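Numbering (full-length UniProt numbering), first residue to last: 1 to 360.
Remarks on the structure that follows.
And the structure:
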């Protein structure tokens, strides 16, 4: 079960997933992208802005686990501040039989996560035996994970801690061969898009050579996960973007030809990913490029747009491009205020709007 949304092993980034591992995997993640048994698109590489939805997603995926095989849970490397509190919640809620904690030589990130420590320490949404400052919210996710008796389990967790602390120098040191996590995320997306390539072609075909699917506006719901976008600007946001192809249980109902805009981000199955190559306003069609097979695409009724970008090389390094490339330019002064990369203010909470079905 992959819970590290920033460094996923078998899927593109931003996902919580459940995968069957039936053989050794010795390469980096982009060499073994596969279709998981269960996957939810969280839409970001960090859950710091919305930890409550992250717990809801983890719970949703965990509930699909069948206990006939062992389960290995990979958690995030965020172990400071609220990250440690969230990890404490995860241990309480997932109830593992073993916890493997790894440190590096001559440095300890945190205290050993013994069962006694987890029992006493406060979590982000759950309470320890010794009451500390715990985040006060409606606790929808945490409250739903109660014991069968209807009360929160306050007993000492029953697991074995396997604490690994190497005693030889340079253990855990990245060294000169380190690859930045953002590059690995881009490589995972490229590895996923590699499924579009026909077998035994001998050369890599550019993505603009593939024929996209045409999807009517009113056939799928649309939601931007990570920020607020006005309905009048929603098509500018979704065009040339990486989207999760999802299935929500609710029937898509719209009295006109759309688009259908969701007011809240659903916790739902993600069947794969695609690139919105274009938005045809006259015919009200999305043009979506995806390797998801047609039999699975018939189940897709929701497009989720997150904070995961298409790798730059997809836009600027493909063969056979003529003329100007949309959304790509370097013809401006970098000294102009606002021309640089926009830094996200993580302490601002996003608001929910009651959007209408039609597009105006």
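Where is the CB? At the ideal position from N, CA and C, for every residue including glycine.
Quantities reported herein were computed from a predicted structural model and do not represent experimental measurements.
Would residue i pass as a contact of residue j if the rule is Cβ separation under 8 Å?
i, j, result
"residue 362", "residue 260", "Since the displayed the chain opens at 1 and closes at 360, residue 362 lies outside it and no answer follows."
"residue 74", "residue 9", "yes"
"residue 234", "residue 306", "no"
"residue 30", "residue 190", "yes"
"residue 271", "residue 246", "yes"
"residue 201", "residue 124", "no"
"residue 291", "residue 195", "yes"
"residue 297", "residue 244", "no"
"residue 276", "residue 229", "no"
"residue 157", "residue 92", "yes"
"residue 76", "residue 27", "no"
"residue 183", "residue 219", "no"
In chain order, what residues of the same chain lie with their CB nearer than 8 Å to the CB of residue i, ignoring the 5 residues before and after it?
i, result
"residue 316", "325, 328"
"residue 285", "214, 215, 216, 217, 279"
"residue 209", "320"
"residue 308", "12, 13, 14, 43, 44, 45, 185, 189, 242"
"residue 313", "186, 190"
"residue 66", "none"
"residue 137", "Low local confidence applies: a pLDDT of 45 at residue 137 is under 50, so the model's placement there is unreliable, and no value is given."
"residue 99", "91, 113, 159, 160, 161, 162"
"residue 155", "119"
"residue 355", "Caution is warranted here: a pLDDT of 36 is assigned to residue 355, below 50, making its placement in the model unreliable, and no coordinate value can be reported."
So residue i is in the beta strand (DSSP E); what residue range does that whole segment cover?
i, result
"residue 216", "213–216"
"residue 304", "302–305"
"residue 287", "285–289"
"residue 17", "15–18"
"residue 40", "38–41"
"residue 223", "221–224"
Which residues in the same chain as residue i place their Cβ atom closer than 7 Å to its Cβ, once the five residues preceding and following it in sequence are excluded?
i, result
"residue 248", "221, 266, 268, 301, 302"
"residue 69", "none"
"residue 165", "103"
"residue 61", "1, 16, 17, 18, 38, 40"
"residue 84", "110"
"residue 94", "62, 73"
"residue 318", "206, 207, 208"
"residue 145", "Note on residue 145: pLDDT 49, under 50, position unreliable in the model; the coordinate value appears next. The answer, listed in chain order, is 59, 93."
"residue 47", "5, 54"
"residue 118", "88, 91, 92, 157"
"residue 365", "Residue 365 cannot be examined here, being either before or after the span of the chain that is shown, 1 to 360."
Under the DSSP definition of a beta bridge, which residues are partnered with residue i?
i, result
"residue 242", "275"
"residue 371", "No answer is possible for residue 371: it lies beyond the span of the chain, which begins at 1 and ends at 360."
"residue 280", "285"
"residue 92", "According to DSSP, which records beta bridges pairwise, residue 92 is partnered with nothing at all."
"residue 335", "None; residue 335 has no bridge partner."
"residue 2", "17, 74"
"residue 261", "222"
"residue 101", "163"
My understanding is that residue i touches residue j, with C-beta atoms under 8 Å, so please give their C-beta distance in whole angstroms.
i, j, result
"residue 127", "residue 120", "That pair is no contact at about 10 Å."
"residue 206", "residue 287", "In fact, because the Cβ distance is near 16 Å, the residues do not count as touching under 8 Å."
"residue 54", "residue 112", "Incorrect: roughly 24 Å between the Cβ atoms, too far for contact."
"residue 161", "residue 114", "5 Å"
Hey, could you find the ends of the alpha helix (DSSP H) residue i is sitting in?
i, result
"residue 164", "No alpha helix (DSSP H) contains residue 164, which is instead part of the beta strand (DSSP E) from 160–164."
"residue 120", "115–120"
"residue 110", "It is not in any alpha helix (DSSP H) - residue 110 carries neither H nor E in the DSSP assignment."
"residue 298", "Premise fails: residue 298 is in no alpha helix (DSSP H) and is neither H nor E."
"residue 51", "51–62"
"residue 185", "181–193"
"residue 315", "312–316"
Between which residues of its own chain and residue i is the CB-CB distance below 6 Å, once the five residues before and five after are set aside?
i, result
"residue 97", "159"
"residue 21", "none"
"residue 33", "191, 192"
"residue 57", "16, 40, 42, 267"
"residue 25", "32"
"residue 240", "327"
"residue 101", "113, 163"
Taking 8 Å as the CB-CB limit, is residue i close to chain C?
i, result
"residue 27", "Of the chains in the structure shown, none is chain C; there is only one protein chain."
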